[in-house]
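Protein chains: 2
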Amino acid sequence: MTNRKEVAKLAGVSEATVSRVLNGIGPMKESTRQRVLQAAKQLNYELNAVASSFARGRSGNLGVVLPHVPKVHLFSTYYFSELLGGIGEAVHSGGYGLLLLFRDPTVVYDYVSLYRTQRVDACIILGSSALETEKTAVHRLADERLPYCVMDQRFDHPQLSIVAADHEQGSYDAVKHLIERGYRKIGFLNGAPQYSNSEDRMAGYRKALKEAGIAEDDTRVYQGNYSRTSGKKAASQVYRDLARLDAVFVSNDRMAIGLMQGLRELGCRLPDDLKIVAYDNSDAASFTEPSLTTVKVPFYEMGRLAADRLLKQLAERDRNGASAEPIREKLRTELIIRQSSGN
Amino acid sequence: MTNRKEVAKLAGVSEATVSRVLNGIGPMKESTRQRVLQAAKQLNYELNAVASSFARGRSGNLGVVLPHVPKVHLFSTYYFSELLGGIGEAVHSGGYGLLLLFRDPTVVYDYVSLYRTQRVDACIILGSSALETEKTAVHRLADERLPYCVMDQRFDHPQLSIVAADHEQGSYDAVKHLIERGYRKIGFLNGAPQYSNSEDRMAGYRKALKEAGIAEDDTRVYQGNYSRTSGKKAASQVYRDLARLDAVFVSNDRMAIGLMQGLRELGCRLPDDLKIVAYDNSDAASFTEPSLTTVKVPFYEMGRLAADRLLKQLAERDRNGASAEPIREKLRTELIIRQSSGN
DNA sequence: TTGTAGGCGTTATCAG
DNA sequence: CTGATAACGCCTACAA
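As given, the protein sequences belong to chains Y and S, one line each in that order.
Heads up: the first sequence begins at 2 in our numbering, then just goes up one per residue.
Heads up: the second sequence begins at 2 in our numbering, then just goes up one per residue.
Written as structure tokens, this is what we have:
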């Protein structure tokens, strides 16, 4: 492995000059620059990223923490893949590395350790939940004023860094759409309760009902876990309650797809027998039969935004040592009307 | 940032001993071990990964090179997300880091540079094509005997490291299935030609026709690029040729979905008017209407296999300096029969 | 504009 | 079983 010393020798300059040229730092004579570049090329030399990181005390990586979800191919999920794509774009164009960090389900995760071991300069936490251990772990990050961002999970504390979508509003819009079309017996198939996500949807659902003067009815609320399978499982309950339901609001497209499959197998005709509004606007939403009326969430943009902000914080910190202000962003959703809601 | 020296002092041992304890290397007295562990915990000390990498001369990362595909959210693609998931699983359980490397479309990529800069110890190349520049870049990796693996792209040279699926066989099976059901006018909507992938499918298609004594007819071959949009575009041509077609074999599910959407908009009834066999067995295949008969490809396993092999090579190399044997694997596909082929 | 030199936190080799 | 010590390759004041 050819190193800086050899290049310096060949170019007839000091090692420091080699570094300056390759990092484009400080003023230098063009002729020197050329000589160094020439020598580097001739020797096939490039900066050793690990050594640079070491000397600089920064890894140059942004970490993305991924949850462990049993039996699910995480990346093949619209939610995660879009978030990751957005993050990737920002990280790439910011010149950082993107390090994927897989959570081990058996271990209490210590985010701070990622920084202590210097594997990342900042990190984005996906699939975070409201579990107590999780909450303390995130608080620890905030206490240490480390650059981090939690994705789409609300905590009560206003000083935590979070990029999220406004799921209460999104859900409200979805349910209101059904109400406006004249449906009043509206069920709700929600996802796993440990995400604030799910609570927010519930809040939006309730708000819309209340506003329309429709009494809530817990027996119309079904519980899934965002998987297609859970949607399919819910089908039998929904089918049983069909007489008491005009429509169902479903917390994501995957569950809605499962639900529709299940209902159809039970002999339902959709959307005639039941109107459905789903959530996410994944690719699949446009080609199910009937196509899904659904709430579009800008996951890609959320990922990009979070990463952009973090990189800016890092740059700022390197410039003047400023410690990070919390990132607080809540993005808007948009209702996409298709056939499943009876149009 | 607390470092080894402080821990050594607190534990009353040398720095070397601290390292040995934390790396679990060599024999040591249990009491010493405990003292060191105790001190480390008390000081909140953990090994600095960057410093370790530096001293060891290995980054501890496996890189995954991602192609740039304009206007496509790469991760939201069944193909890439499954591959990535498999790679992730292997890398994670192997204790390595997973570094995502985004190709810049404007730059000729030099894979060797990834190793020279020490950003990765090994890498997996996704979305590789048969372009000349790509071929030389990969050959360079092989010449340098670096640990790498190309995913699902065949090159003529038998010494290159590749994990692939047997797409010729898969395509053959698909077309044969149609022939066995009595269809003889079989079209083919293929993906972008710069992937060996696509050639192989073509070969399988031809082989099946030939074996059944069906004359080839180039006017029944349509060109897409694996995107849904391209499938939808092809719909008008296919529709025009409908009288000369019993069935179409489509190179992936996404295009098939686009094709079906397009055909339906033109007034086709599926599968009555046209039988379709697709490729990939993505999640969507089971909930399109009609559901897709398709060729299942073990992308996840392919990713895992490639990563596993590379990690083994790295371990081997660290143990005895052995330089890597090329990885050569071709995995089997499986035909999944659903409704779109007329069942 | 360029050179000198100290330091970054480990690993690994070699003694003891 | 443990300690001392020389790398590792680069960055960055500071000096010239």
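Ideal Cβ placement from N, Cα and C applies to all residues, glycine included.
*Separation of S/G263 from S/S237, as counted between CA atoms*: 7 Å
_Contacts that S/G232 makes with chain Y (C-beta to C-beta distance below 9 Å)_ = Simply none; closest approach about 11 Å.
*Any chance the segment 317-326 of chain Y sits against the segment 89-109 of chain Y, with 3 or more Cβ pairs inside 8 Å?*
Under the Cβ criterion (8 Å, minimum of three pairs), the segment 317-326 of chain Y does not count as touching the segment 89-109 of chain Y.
*Rounded to the nearest angstrom, how far is the Cβ of Y/S130 from that of Y/V151, given a contact under 8 Å?*
So it is not a contact: roughly 10 Å between Cβ atoms.
*At 8 Å on the CB atoms, spell out the chain Y contacts of S/H74, in chain order.*
S82, E83, G86, Y301
_Does any residue of chain S have a CB that is nearer than 8 Å to the CB of Y/V298?_
no
*Cβ-Cβ separation, S/L48 to S/L23 (assumed contact under 8 Å), whole Å*: 5 Å
*Within this structure, are the beta carbons of S/G225 and S/L179 separated by less than 8 Å?*
Not closer than 8 Å, so no.
_Starting from Y/K234, trace the alpha helix (DSSP H) in both directions and tell me its first and last residue._
229-241
*Under 8 Å, do S/A209 and S/K186 count as touching if we go by C-beta distance?*
no
_Under 7 Å by beta carbon: chain S residues contacting Y/T118_ = E47, L48, N49, A50
*Within 8 Å (strictly less), CB to CB, does S/T289 reach chain Y?*
yes
*Would you mind giving the Cβ-Cβ distance between S/L101 and Y/L101, rounded to the nearest angstrom? I have them listed as a contact below 8 Å.*
7 Å
_Which residue marks the beginning of the beta strand (DSSP E) containing S/A166, and which one marks its end?_
163-166 is the extent of the beta strand (DSSP E) around S/A166.
_Residues of the segment 224-257 of chain S whose Cβ lies closer than 7 Å to any Cβ of chain Y, in chain order_ = none
*Can you find a C-beta in chain S that's less than 8 Å from the C-beta of Y/D284?*
Answer yes: the Cβ-Cβ gap between Y/D284 and chain S drops below 8 Å somewhere.
*Look up Y/A123 in the DSSP assignment and say whether it is helix, strand or coil.*
strand
*Taking DSSP as the reference, what is the three-state secondary structure of S/Y116?*
helix
*What separation, rounded to the nearest whole angstrom, lies between the Cα atoms of Y/S53 and Y/G98?*
14 Å
*Please report the residue range of the beta strand (DSSP E) in which Y/N191 lies.*
187-191
*At a Cβ threshold of 8 Å, is Y/H93 touching chain S?*
yes
*Where in the segment 54-136 of chain S do unbroken runs of the beta strand (DSSP E), each at least 3 residues long, occur, reported from the N-terminal end onward?*
62-67, 98-103, 123-126
_I'd like to know whether the C-beta of Y/Q262 is nearer than 8 Å to at least one C-beta of chain S._
yes
*Once you ignore the five residues that flank Y/M29 on each side, which residues in its own chain have a CB closer than 8 Å to its CB?*
T18, R21, V22
*asked:* I want to verify the contact list: residues of chain S whose CB lies under 7 Å from the CB of Y/S60, in sequence order.
replied: Here the neighbours are V51.
*Exposed unless 16 or more other CB atoms sit within 10 angstroms - verdict on S/Q132*: According to the sequence displayed, residue 132 of chain S carries Leu and not Gln. So S/L132 counts as exposed.
*Kindly list, in the order they appear in chain Y, the residues whose Cβ is closer than 7 Å to that of S/Y79.*
S77
*Can you tell me which of S/L315, S/S341, S/T294, S/L306 puts its alpha carbon nearest to the alpha carbon of S/G89?*
S/L306
*Does the beta-carbon of Y/G96 have 16 or more other beta-carbons within 10 angstroms, so that it is buried, or is it exposed?*
exposed
_Please report the distance separating the alpha-carbon of S/R202 from that of S/S252._
Between S/R202 and S/S252, the C-alpha separation is close to 7 Å.
*Name the residue from Y/P299, Y/R318, Y/E317 whose alpha carbon lies nearest to the alpha carbon of Y/G171.*
Y/P299
*Could you list which residues in chain Y have their beta carbon closer than 7 Å to that of S/F103, in chain order?*
G89, H93
*Spell out whether any CB of chain S is found under 8 Å from the CB atom of Y/L23.*
no
*Leaving out the 5 sequence neighbours to the left and right, which residues in its chain are closer than 6 Å to S/Q314 when beta-carbon positions are compared?*
Same-chain partners within the cutoff: P148, A325.
*Just how far apart, CA to CA, sit Y/G64 and S/A12?*
In this structure, the alpha-carbon of Y/G64 lies about 32 Å from that of S/A12.
*Whole beta strand (DSSP E) runs in the segment 269-310 of chain S with 3 or more residues, listed along the chain?*
276-281, 294-297
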